[in-house]
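Remarks on the structure that follows.
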Amino acid sequence: MIMTPGIRKFALTAHLTCSVGWLGAVMAYLALVVAALISQESGTLQAVWIAMEVIGWYVIVPLALASLLTGLVMALGTQWGLFRHYWVLLSLLLTILATVVLLAHMQTVSDVARIAAETPSAAVNGLSSELVHAGVGMLVLLVIQVLNIYKPRGMTPYGWRKQRERRTVTPAEM
Amino acid sequence: MAQTPLEPSHGSTPGTPGWVKVFGIIALVLILLFVISLLTGARHGPGMHTPSGDAGGYSRHSSIAAHSEQPS
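Read top to bottom, the protein sequences are chains A and B. So for the first sequence, this note's numbering puts the first residue at -9; every next one is plus one. So for the second sequence, this note's numbering puts the first residue at 142; every next one is plus one.
Have a look at this one:
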């Protein structure tokens, strides 16, 4: 079902807000990790792990899920479709991958945050992993953003088939 | 997804674009590296940062809840 221009603009606004918000929140998360790595002071470690858990569960996870959902709405509600263009398909796969890894990793963050609340020095080792996870996550989100802005050409075999079907059906209907 | 699709309407033959092939190769390399790191014994996933005594007792207990439970 193709959306009307008004609804499409609203859906696009929601999708952009969630996607860019997700990227911004990951950057804030990375800044916390770097701050803790530089300081390594127990008070900072404790505060950073608590902040990372809060940002993770209450900002990053909701934005990731909302971004995935609004992306699906945008793909299915416009001419682009979900499986017709490589850039849409790739964006979908990368978003699903990033969301699944995020959800799995947040369980670990909660565990380490709990340890950091009791013995902050024991939570220092987890920071390097956070740097890798958040850093790679940010790169993946940047790739998705570039794909969504540049929209590189290329149709999937399914997209070609659908386009051919549309061309053969349209003259007969006229 | 703001614009309408801009696909060539005539004369183009279907085929996988070069940029998709590059993405595929990068993905394959990353998957291979991940599998190799798993095979060489690198620990990954939930519980990897917890102390050895706590590794088996993985808990989803949140520190947010733990803090709210503490008497002020």
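Glycine residues also receive a C-beta, built at the ideal position from the N, C-alpha and C atoms. None of these values were measured; they are calculated from a predicted model.
- The C-beta of A/V99 has 16 or more other C-beta atoms within 10 Å across all chains shown, which makes the residue buried.
- Relative to the Cα of A/V122, the nearest Cα in the group A/V23, A/K(-1), A/P(-5) and A/M64 belongs to A/V23.
- In this structure, the alpha-carbon of A/Q135 lies about 8 Å from that of A/S81.
- Interface criterion met: the Cβ of B/V161 is under 8 Å from a Cβ in chain A.
- Nearest neighbour of A/N138 by Cα position, chosen from A/V102, A/W150, A/V78 and A/Y19, turns out to be A/V78.
- Residues of chain A with a Cβ closer than 7 Å to the Cβ of B/F164 are, in chain order, L80.
- Residue range Y76 to E108 is occupied by the alpha helix (DSSP H) that includes A/L84.
- When A/W39, A/S32 and A/L6 are compared, the shortest CA-CA separation from A/A21 is found for A/W39.
- For A/M145, the pairing in a beta bridge is given by DSSP as A/H75.
- Taking A/L72 as the centre and dropping the five residues before and after it, the same chain places the C-beta of L62, A65, L66, V78, L79 and L82 closer than 8 Å to its C-beta, in chain order.
- Considering only beta carbons, the part of the region 126 to 144 of chain A lying closer than 8 Å to chain B consists of N138, K141, P142, R143 and G144, in chain order.
- A/L117 is positioned such that its CB atom lies closer than 8 Å to that of A/A26.
- A contact is defined here as three or more CB-CB pairs under 8 Å, and the region 140 to 154 of chain A fails this definition with respect to the region 33 to 53 of chain A.
- Residues of chain B whose Cβ lies closer than 7 Å to the Cβ of A/Y76 are, in chain order, P158 and V161.
- Taking the Cβ atoms as the reference, A/G127 lies roughly 6 Å from A/A88, within the contact range of under 8 Å.
- Residue burial annotation: B/F164 is buried, with at least 16 other C-beta atoms found within 10 angstroms of its C-beta.
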